[in-house]
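Numbering (this note's numbering), first residue to last: 6 to 142.
Don't be surprised by glycine CBs; every beta carbon is placed ideally from N, CA and C.
Fair warning: this is a prediction, and the values are worked out from it, not measured in the lab.
Accompanying notes for the structure given below.
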């Protein structure tokens, strides 16, 4: 926050509200990806994704040393994510819950069973459905 100490509280709240509104504007994964790619650099997207992975590892009970070895992240990153998890546990639960819904729908729609009515063993054919096609509810 030191970097932005010249900003007033009103400016900070305005910026954060606009960020939230930008993410809420998306109807599906394709639009989310467009917004993320338009707003964030590759490095920022990667850092956010890695923080989510660190949170998953922490929730699963991995030690700091194991996370450092597996993910090649620093102790500061792990401690930062750990503090955020302690401070507000709901953010990770929201991500996890939505991820489970997306995976369930993706698995049910990614393949079509193809074959006539008399065919006992129908073959699977990829439908072209991707995770980006899943609509928000």
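If I'm right that residue i touches residue j with Cβ under 8 Å, what's the distance once you round it to whole angstroms?
i: residue 76; j: residue 55; result: 7 Å
i: residue 107; j: residue 136; result: 6 Å
i: residue 52; j: residue 69; result: Not confirmed; about 18 Å, so no contact.
i: residue 118; j: residue 109; result: Not confirmed; about 18 Å, so no contact.
i: residue 45; j: residue 27; result: Not confirmed; about 11 Å, so no contact.
Thinking just about the alpha-carbon of each residue, which of the options is nearest to the one in residue i?
i: residue 59; options: 99, 48, 44, 85; result: 85
i: residue 82; options: 93, 57, 32; result: 57
i: residue 65; options: 123, 32, 101; result: 101
i: residue 25; options: 13, 90, 98, 41; result: 41
Let's test the definition: count the other Cβ atoms within 10 Å of the Cβ of residue i and tell me whether it reaches 16, buried, or not, exposed.
i: residue 63; result: buried
i: residue 72; result: buried
i: residue 78; result: buried
**Report entry** the region 133-141 in contact with the region 31-40 per 3-pair CB rule at 8 Å
**Finding:** Judged by Cβ distances under 8 Å, the region 133-141 makes contact with the region 31-40, as three or more pairs qualify.
Query raised in the report: Can we say the region 127-135 touches the region 100-115, given the rule of at least three CB pairs closer than 8 Å?
Result: By the Cβ test, the region 127-135 is in contact with the region 100-115, since at least three Cβ pairs between them sit closer than 8 Å.
Requested in this report: Scan the region 13-77 and note each continuous alpha helix (DSSP H) run of 4 residues or more that stays entirely inside, going in chain order.
Outcome: Listed in chain order, they are 14-29, 34-44, 47-64, 69-76.
Query raised in the report: Where are the beta strand (DSSP E) runs, 3 residues long or more, that stay fully inside the region 68-142, in chain order?
Result: Qualifying beta strand (DSSP E) stretches, in chain order: 116-119, 128-131.
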